[in-house]
Amino acid sequence: EAGVAQSPRYKIIEKRQSVAFWCNPISGHATLYWYQQILGQGPKLLIQFQNNGVVDDSQLPKDRFSAERLKGVDSTLKIQPAKLEDSAVYLCASSLRRGVGSGANVLTFGAGSRLTVL
Amino acid sequence: GESVGLHLPTLSVQEGDNSIINCAYSNSASDYFIWYKQESGKGPQFIIDIRSNMDKRQGQRVTVLLNKTVKHLSLQIAATQPGDSAVYFCAERDGNNRLAFGKGNQVVVIP
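Below you can see the structure in the form of structure tokens.
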């Protein structure tokens, strides 16, 4: 089974520039998540989709971050304009079923996109 | 690949020895916990989970212990192998059905 694909793996930009990350979840996984992992910390949820609808975006800094999953498969996460504190690894994860749990609810993570803002 | 984090609590263990990784969680109402393993340059990988109505659960070479009285979780790895070198995170299901990750612990296996 192919895993969660993310691109680009690395991106370096200057502050106030914009950046976009792409995620292709595991085939058939209805639930998709974007997490932010700052160096030395655990991942923090930014947004959760169920098919093409947003389930939870309460922790997304909406003044600069946006995400979409228009056809219920691939997703993009955009940051505009970027700040220094946005330097982090952006992880995409997917699960067959919604909700935290085991079995069909287990999250499978991609390798992440590392963003450095100068 | 790039490192997951710097200045993490680090456990150095000899290959073949047992490892114990500890985690303190914050919410006494949390009812479900997961341990994740994150190797350098990769995303977190599910290892084992436990519900709050249990105090121990065993998997292949791993055991998770839950002490709700002191809000403490531990992961025991038997016969640690070089492939076990990684950062380990505990995570709890919060009141909004989100995964809340704790601070990571780096495990370094010495051959």
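As given, the protein sequences belong to chains A and B, one line each in that order.
Each step along the first sequence adds one to the number in my numbering, with nothing skipped, and position 80 is 121.
Each step along the second sequence adds one to the number in my numbering, with nothing skipped, and position 96 is 278.
Glycine included, each C-beta is placed from N, C-alpha and C at the ideal position.
Quiz item: Leaving out five residues before and five after Gly187(B) in sequence, what residues of the same chain have Cβ atoms less than 7 Å from its Cβ?
Solution: Caution is warranted here: a pLDDT of 44 is assigned to Gly187(B), below 50, making its placement in the model unreliable, and the coordinate value is therefore given only provisionally. Hits under 7 Å: Val269 and Gly286.
Quiz item: Can you pull the DSSP bridge partners for Ile202(B)?
Solution: Gln258(B)
Quiz item: In terms of alpha-carbon separation, which member of Arg280(B), Ile292(B), Gln288(B) and Val291(B) lies closest to Leu73(A)?
Solution: Residue nearest to Leu73(A) within the set Arg280(B), Ile292(B), Gln288(B) and Val291(B) is Arg280(B) (criterion: CA-CA distance).
Quiz item: Is the Cβ of Ala145(A) closer than 8 Å to any Cβ of chain B?
Solution: no
Quiz prompt | CB contact check: Gly265(B) to chain A, cutoff 8 Å | solution = no
Quiz item: Apart from the five residues just before and just after Ser210(B), which ones in its own chain have a Cβ nearer than 8 Å to its Cβ?
Solution: Lys250 and Lys253
Quiz item: Does any C-beta atom of chain A lie closer than 8 Å to the C-beta of Arg275(B)?
Solution: Contact with chain A is found for Arg275(B), since one of that chain's Cβ atoms lies less than 8 Å from the residue's Cβ.
Quiz item: By DSSP, does Asp231(B) sit in helix, in strand, or in coil?
Solution: It is a strand residue.
Quiz prompt | Contact the stretch 197-206 of chain B vs the stretch 109-127 of chain A: 3+ CB pairs below 8 Å | solution = no
Self-check item: Contacts around Gln10(A), its chain only, beta-carbon distance under 6 Å, and the 5 residues preceding and following it disregarded
Solution: No answer is possible for residue 10(A): it lies beyond the span of chain A, which begins at 42 and ends at 159.
Exercise. Whole angstroms is fine: what's the gap from Tyr218(B)'s alpha carbon to Pro226(B)'s?
Key: For the pair Tyr218(B) and Pro226(B), the Cα-to-Cα distance works out to about 6 Å.
Self-check item: Helix, strand or coil at Ala129(A) according to DSSP, with G and I counted as helix
Solution: Note: Ala129(A) maps to strand in three-state DSSP.
Self-check item: Endpoints, the beta strand (DSSP E) within which Gly94(A) is located
Solution: Gly94 to Asp97
Quiz prompt | Validate contact between the stretch 129-137 of chain A and the stretch 255-263 of chain B using beta carbons, cut 8 Å, 3 pairs | solution = Judged by Cβ distances under 8 Å, the stretch 129-137 of chain A makes no contact with the stretch 255-263 of chain B, as fewer than three pairs qualify.
Exercise. Taking only beta-carbon positions, decide if Asp231(B) is within less than 8 Å of chain A.
Key: yes
Practice problem: Report yes or no: do the stretch 58-73 of chain A and the stretch 260-274 of chain B share at least 3 C-beta pairs separated by less than 8 Å? | Solution: no
Quiz item: In three-state DSSP terms, what is Ala145(A)?
Solution: helix
Self-check item: Euclidean distance between Cα positions of Gly183(B) and Gln78(A)
Solution: Bear in mind that the predicted position of Gly183(B) carries a pLDDT of just 34, short of 50, making it unreliable; the figure below should be weighed with that in mind. Taking the straight line from one Cα to the other gives about 16 Å.
Quiz item: In whole angstroms, what is the alpha-carbon distance linking Leu248(B) and Arg275(B)?
Solution: Taking the straight line from one Cα to the other gives about 14 Å.
Quiz prompt | Tyr116(A), enclosing beta strand (DSSP E) - first and last residue | solution = The identity of residue 116(A) in the sequence shown is Ser, whereas the question assumes Tyr. That run of the beta strand (DSSP E) goes Ser116 to Ile120.
Practice problem: Closer than 7 Å by C-beta to Asn93(A): which residues in its own chain qualify, once you throw out the five before and the five after it? Chain order, please. | Solution: Arg110, Leu111, Lys112 and Gly113
Quiz prompt | Per-residue contacts from Pro191(B) into chain A (C-beta, under 9 Å) | solution = The premise fails here: Pro191(B) is roughly 11 Å from chain A at the closest Cβ pair, so nothing lies under 9 Å.
Exercise. Select from Met236(B), Val244(B) and Asn278(B) the residue whose C-alpha is nearest the C-alpha of Thr136(B).
Key: Chain B is shown only over 183 to 293; residue 136(B) falls outside these bounds and no answer can be derived.
Practice problem: Please report the Cβ distance between Pro84(A) and Phe283(B), rounded to the nearest whole angstrom; I am assuming they are in contact, meaning their Cβ atoms lie under 8 Å. | Solution: 5 Å
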